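Below you'll find the structure, written out as structure tokens, and then a few comments.
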Amino acid sequence: VYIRKHPLEIPPPSEEDWLKDDEEDFFLQDPDRTRDALPQPFRMINKLVMTVFENAMEIIERREMLQQAQKLKVQPTKFFPTAEFQVTGRANCLAVSGKYIFVGLSVGLAAFKVSDHKEVCTWDAVKMEICAIRVSDLGNDCHVLLAVDEMGLVWLFCFHKESFVLIKVLNEMEDISKRSSSEEVVLSPGGDYAGVLLQGNTKAWLEIYRLPKDSWLKEMEKNPGAAEACRERRSSWTFAVQNSSISHSDAKLSLPVLLLQVKPPKPITGSSFKSPLDALKKVDDGSMLGLGYDHLIKDSQWEQQEAIFRSRYREYLEAKDERESKEEIPRHATFHFLLPSRILQMGPEMKVQPDVPAGISVHWDGSHNLCLYLLNHPLKETVDSDPKPDVVWPCAAPITCSAVSSCSRYLALACEDATITIWDKHLGYPLSVTAILEEHLIRSIHFL
């Protein structure tokens, strides 16, 4: 019998008995794959492939989550066209008035009915391309149109009983060198007035016309043959030109009346007044207070101020003379037709209607002043080439853009210092003043 003489001892573990990193989960490995271990560099390639696969799966899961979130959002309703208009040539612009759609084409004008989308009339007597259209409903199935062609000519039409009648080309000149092009045309609501911004070779100006719409309705009712003559001009250019003389001879409609011819403000120069009394006398002679013309600053003071400014900010100034650029005459203006309100200083002798414009607001590029002109002055034999504004609103910075609400009660002014002011024209005071960040420049403003 064997008898143990010493107690049983457990030998200490040795380093050879430690588990390796790749053998910690040996009990989870497939016994059949013990011989399938890849040697280098295949193990590195396998690791790279698995990394690429995992990254691709993460990208796919992220995109699927974004698609699911997009589906949960409210999708906008898609609307498809319900009708198609077949036109001759290329359609450049369109306008809607009443139950008609007027389209400016590369070969003239066309009118369509909104109800059945059928063409009711075309006007192609002159080979012209219409680039812009303004239209207003005069009532009694009559509409007035202003069309601008590619040469900048403004064509005034009257659309009555589904026919176009040409009234006048507003800026037509026999001498081509003196011809001016239209930059912008505006029709007042109701078609009582029309404004045309014209630009010549060296100058720009604004013309305001009064449209005799009541006379047109009476004359069209008395002479329906003019509209019938226009209706037949559809087949060809030759036939259209032959009938154009018939339309002019039959359609003896009243011509629009030129009310105002507004020119850009002159640059402010040095004064020759010796005392404030002389400046006040000049104001009594008819000059408008607020334009900055009647001041007591002399030419020497302007030159001294310019010299001080240039010496102080010499490192920030460019080599180009900035004074000449400041004195450049502006070439573009923004204007709006205004209904009667407290800001228009109308006398008791002036007859106004609540739905007929009583004045216009004009501001030229780079100008601080918003000028208001009344439209109810008695007509003169000769139009004043440089009328004085009836009201002047000086602003702290040059006006960049403006807008009038659809109800014509509110006027918004935006200046270069990123300040927007909303005026209540009926009450005559500002409702709100909003200052935006100075590094932003406001280029357009609209009422919603």
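For the sequence shown, the positions run -5 to 442 when this note's numbering is used. Where is the CB? At the ideal position from N, CA and C, for every residue including glycine. Quantities reported herein were computed from a predicted structural model and do not represent experimental measurements.
Bounding residues of the beta strand (DSSP E) (the contiguous stretch that carries residue i)
{"i": "T428", "result": "423 to 429"}
{"i": "Q193", "result": "187 to 193"}
{"i": "S355", "result": "353 to 358"}
{"i": "L247", "result": "Taken as a continuous stretch (DSSP letters only), L247 belongs to no beta strand (DSSP E), as it is neither H nor E."}
{"i": "L405", "result": "404 to 409"}
{"i": "V350", "result": "Taken as a continuous stretch (DSSP letters only), V350 belongs to no beta strand (DSSP E), as it is neither H nor E."}
Three-way DSSP call (helix, strand, coil) for residue i in this model
{"i": "K162", "result": "strand"}
{"i": "R447", "result": "Here the chain comprises residues numbered -5 to 442, so residue 447 is not present and cannot be evaluated."}
{"i": "K172", "result": "helix"}
{"i": "L181", "result": "strand"}
{"i": "A391", "result": "coil"}
{"i": "Q236", "result": "Unreliable positioning characterises Q236 in this predicted model, as indicated by a pLDDT of 37, which lies under 50. A coordinate reading is not provided."}
{"i": "I303", "result": "Sequence check: residue 303 is Phe here, not Ile. The answer is helix: DSSP assigns F303 an H, G or I state."}
{"i": "E433", "result": "coil"}
Which residues DSSP lists as bridging residue i, in chain order
{"i": "L254", "result": "I202"}
{"i": "F441", "result": "None; F441 has no bridge partner."}
{"i": "H371", "result": "Beta-bridge pairing links H371 to no other residue."}
{"i": "H330", "result": "S355"}
{"i": "S361", "result": "DSSP lists no partner for S361."}
{"i": "D396", "result": "Residue identity check: residue 396 is Ser in the sequence provided, not Asp. BP columns for S396 point to L407."}
{"i": "S91", "result": "Y94"}
{"i": "V386", "result": "C365"}
{"i": "L77", "result": "Contrary to the premise, residue 77 reads as Ala rather than Leu in this sequence. Paired residues: none, contrary to the question."}
Bounding residues of the alpha helix (DSSP H) (the contiguous stretch that carries residue i)
{"i": "N49", "result": "36 to 66"}
{"i": "D418", "result": "D418 -> not in any alpha helix (DSSP H); beta strand (DSSP E) instead, spanning 413 to 418."}
{"i": "D211", "result": "Checking the displayed sequence, the identity of residue 211 turns out to be Leu instead of Asp. Note, L211: alpha helix (DSSP H), 207 to 216."}
Which listed residue (the options) has its alpha carbon closest to that of residue i
{"i": "W358", "options": "P259, I161, K112", "result": "P259"}
{"i": "V163", "options": "D380, E177, F79, G146", "result": "G146"}
{"i": "K212", "options": "W199, L254, Q34, N134", "result": "N134"}
{"i": "S248", "options": "Q255, K207, D384, P261", "result": "K207"}
{"i": "G422", "options": "M344, V346, L200, R336", "result": "R336"}
{"i": "E410", "options": "V398, L205, I416, T394", "result": "T394"}
{"i": "H440", "options": "T413, S400, L425", "result": "S400"}
{"i": "P388", "options": "G360, V120, R173", "result": "G360"}
{"i": "P183", "options": "V138, V256, A126", "result": "V138"}
{"i": "V179", "options": "V142, D186, F106", "result": "V142"}
{"i": "V190", "options": "R128, R56, N370, Q69", "result": "R128"}
{"i": "A104", "options": "Y367, F151, N165", "result": "F151"}
{"i": "I354", "options": "P348, L364, Q347", "result": "L364"}
{"i": "H434", "options": "V386, E78, A412", "result": "A412"}
{"i": "L366", "options": "P348, F329, A390", "result": "F329"}
{"i": "E215", "options": "C136, V97, D293, L200", "result": "C136"}
Residue i Cβ short of 7 Å to the ligand ADP heavy atom set
{"i": "P33", "result": "Summarising the ligand content, the structure contains no ligands, and the ligand ADP is consequently not present."}
As an exercise, report each continuous alpha helix (DSSP H) stretch of at least 4 residues that is fully enclosed by the segment 94 to 167, in chain order.
Complete alpha helix (DSSP H) runs here, min 4: none at all.
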